[in-house]
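>
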Amino acid sequence: MLLGVIADDFTGATDIAGFLVANGMKTIQLNGVPQEQAAVKADAVVISLKSRSCPVNEAIEQSVSALKWLQDQGCRQFYFKYCSTFDSTAEGNIGPVTDALLDTLGESFTILCPSLPVNGRTVYQGHLFVQGSLLNESGMRNHPVTPMKDANLMRLMDAQANGKTGLVAYHDIAQGAAQIAARFEALKQQGCRYAVVDTLDNTHLASIGEACRTLKLITGGSGLAAGIAHNWTESLSDQSQAMQAGQPAPGPTVILSGSCSVMTNRQVAVYQSQAPHFALDVQSCLSEPHYVDTVYDWVVSHLGSTLAPMVYATAEPEILRAIQAAYGAQASSQAVEHFFHRLVQRLQQHGVTNFIVAGGETSGVVTQSLNVKGFYIGPQIAPGVPWVKATDQPLSLALKSGNFGDEQFFTTAQGFIHD
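Sequential numbering from 1 applies to the sequence shown in full-length UniProt numbering.
(1) List, from N- to C-terminal side, the beta strand (DSSP E) runs of 3 residues or more that fit wholly inside the segment 17-43.
(2) Do M148 and L112 have their beta-carbon atoms positioned less than 9 Å apart in this structure?
(3) Less than 8 Å between the CB atoms is what I'm expecting for residue 421 and Q160, so what's the real figure, rounded?
(4) Which class does L243 belong to by DSSP, given the choice of helix, strand or coil?
(5) Report the rounded CA-to-CA distance for P309 versus F278, giving the unit in angstroms.
(6) Could you check where the beta strand (DSSP E) with F410 kicks off and where it finishes?
(7) So, with DSSP's three-state summary, where would you put L200?
(8) Quick test of your reading: A313 and V295, contact by CB under 8 Å. State the CB separation rounded to the nearest angstrom.
(9) Taking 8 Å as the cut-off, does the segment 9-25 touch the segment 98-114 (at least 3 CB pairs, one atom from each stretch)?
(10) Taking DSSP as the reference, what is the three-state secondary structure of C113?
(11) Answer with buried or exposed for I180, where buried requires no fewer than 16 other C-beta atoms within 10 angstroms of its C-beta.
(12) Less than 9 Å separating the beta-carbons of L397 and V365?
(13) How would you call I319, buried or exposed, if buried means at least 16 neighbouring beta carbons within 10 angstroms?
(14) Are the CB atoms of G258 and F340 nearer to each other than 9 Å?
(15) Exposed or buried, Q131, counting other C-beta atoms within 10 Å across all chains shown (16 or more means buried)?
(16) Which runs of the alpha helix (DSSP H), 4 residues or longer, sit entirely within the segment 262-308?
(17) Can we say the segment 265-273 touches the segment 367-378, given the rule of at least three CB pairs closer than 8 Å?
(18) Quick one: what's R121 bridged to in DSSP?
(19) Under 7 Å Cβ to Cβ from S332, same chain only, skipping five residues before and after it: list those, please.
(20) Would A229 and G24 qualify as a contact pair, given that the criterion is a beta-carbon distance under 9 Å?
(21) Using 9 Å as the threshold, is the C-beta distance between D87 and T14 below it?
(22) Going by alpha carbons, who is nearest to S84 out of G328, H290, T199, T214?
(23) Count the other CB atoms, across all protein chains shown, that sit within 10 Å of the CB of S48; report buried if there are 16 or more and exposed otherwise.
(24) I319 by DSSP, collapsed to three states: which one?
(25) Could you tell me which residues DSSP puts in a beta bridge with N57?
(26) Among L105, F80, R121, whose alpha-carbon lies nearest the alpha-carbon of I218?
(27) Starting from V372, follow the beta strand (DSSP E) in both directions and report where the run begins and ends.
(28) Straight-line CA distance for D99 to S63?
(29) Drop a sphere of 10 angstroms on the beta-carbon of T367, count the other beta-carbons inside from all chains shown, and report buried for 16 or more, exposed for fewer.
(30) How should S363 be labelled, buried or exposed, when 16 other C-beta atoms within 10 angstroms of its C-beta is the threshold for buried?
(31) Quick check on A249: buried or exposed, where buried means 16 or more other Cβ atoms within 10 Å of its Cβ?
(32) Would you kindly work out how many angstroms separate the C-alpha atoms of C212 and G223, rounded to a whole number?
(33) Is V311 near V299, with beta carbons less than 9 Å apart?
(34) Rounded to whole angstroms, what is the Cα-Cα separation between E36 and L347?
(35) Note down, in chain order, each residue of its chain lying with its Cβ closer than 6 Å to the Cβ of R266, except the 5 sequence neighbours on either side.
(36) Take D293 as the anchor and find which of G246, P276, L343, H338 has the nearest alpha-carbon.
In structure tokens, the structure reads:
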């Protein structure tokens, strides 16, 4: 095993796993930290956690546990994967987890590279942009769990971590890998524990990846995966069957959407005009024990449709605020998650084999509810969103982070299902 990835949510895990496979690394994704030692035959292993928005101490415990398991497998380099919009608060969890991983490895320096230019996430002068807008002026400012009020990654990291954050600015990035590596060394000498790297396009990511060759720990989004994979080219095994292993097969398919991101709202709106759809009522999730039976019956009655039926809790920001004001943000979120947990188990028992899921938290609930231990990574539906197939049962999933994919994502995903 060459590379071990610790991802802070399920969609983030499939995101980076898809990029690794696309760039030549045979990759297996594991759902949580295995409870036993196992001989894993892969160039890279991605461990998906549910640590993005849980209490800090839980995020640290999960992440360090994953790191130690990867170390026991003989892994040579480690990657802490978080969202390309740096989802966190002043308390964490990105900073505290990064510190814990560095301490466990006995390392004193790493980089912060959330950039994903193909999806409009870029960094300039240390400020994170989403589709050309500053992070705090994008849809992320209204995120229900981690509202992003600042675009300056140095300030964001310094507020939640123990060390000092420096910058590798655009003029150094543009000069290539050697200059970037020299800037890393200079920042270390200045007492910096972390370096934010400016990134405007994929050529910058390639240079940054090369400069990271000797770093034991790297942190960032999925964009840097291609550059990191390239460093291992000479060590890679035959990749001819890697992506085929994750190809989804024909079978009953259902769409579940819990994300309230800007793009998911658009995707849901477009799909409503194309296929059967059912909007969840939060009050019913909270107060009606048999509400899941109602929705289950509706889904089963529409499984024969040309396009898969969709069940969604997705809502526009003003509607979401009203729901949270009426029922409480945590209570309403937990009620919807618990509802999806019960629904997917019922649907699996009925014979549904393909699930298309929007939202990191929802994807985590669905994957855990289906008791999936690990995935083979298949073809990419959109940048950062591959189909994945369970290693231990006839089940395929498309796990989409909130803002990923275009407006036709749900329809496009179903086009990959074939013999």
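For each residue, glycine too, the CB sits at the ideal point set by N, CA and C.
According to the structure shown:
(1) 27-31
(2) no
(3) This structure cannot speak to residue 421, because the chain is shown only from 1 to 419.
(4) In the sequence under discussion, the amino acid at residue 243 is Met, which differs from the Leu named in the question. Here M243 sits in coil by DSSP.
(5) When rounded, the distance between both Cα atoms is 8 Å.
(6) No beta strand (DSSP E) holds F410; the alpha helix (DSSP H) holding it covers 409-414.
(7) In the structure shown, L200 sits in coil (DSSP, three-state: anything other than H, G, I, E or B).
(8) Contact doesn't hold; Cβ gap of about 11 Å is too wide.
(9) no
(10) strand
(11) buried
(12) Using a Cβ distance threshold of 9 Å, L397 and V365 do not count as a contacting pair.
(13) Under this definition I319 is an exposed residue.
(14) yes
(15) By the neighbour-count definition (other C-beta atoms within 10 Å, threshold 16), Q131 is an exposed residue.
(16) 262-272, 282-287, 291-301
(17) no
(18) According to DSSP, R121 bridges with L116, V130.
(19) V282, I323, Q324
(20) yes
(21) no
(22) It is T199.
(23) buried
(24) helix
(25) DSSP lists no partner for N57.
(26) F80
(27) Careful: V372 lies outside any beta strand (DSSP E) and carries neither H nor E.
(28) Going by the C-alpha atoms only, they are around 11 Å apart.
(29) buried
(30) Buried, because 16 or more other Cβ atoms sit within 10 Å of the Cβ of S363.
(31) exposed
(32) 14 Å
(33) yes
(34) As the crow flies, the alpha-carbon of E36 is around 29 Å from that of L347.
(35) Listed in chain order, the non-local C-beta contacts of R266 below 6 Å within the same chain comprise E407, local neighbours out to five positions each way being set aside.
(36) For D293, the nearest C-alpha among the options comes from L343.
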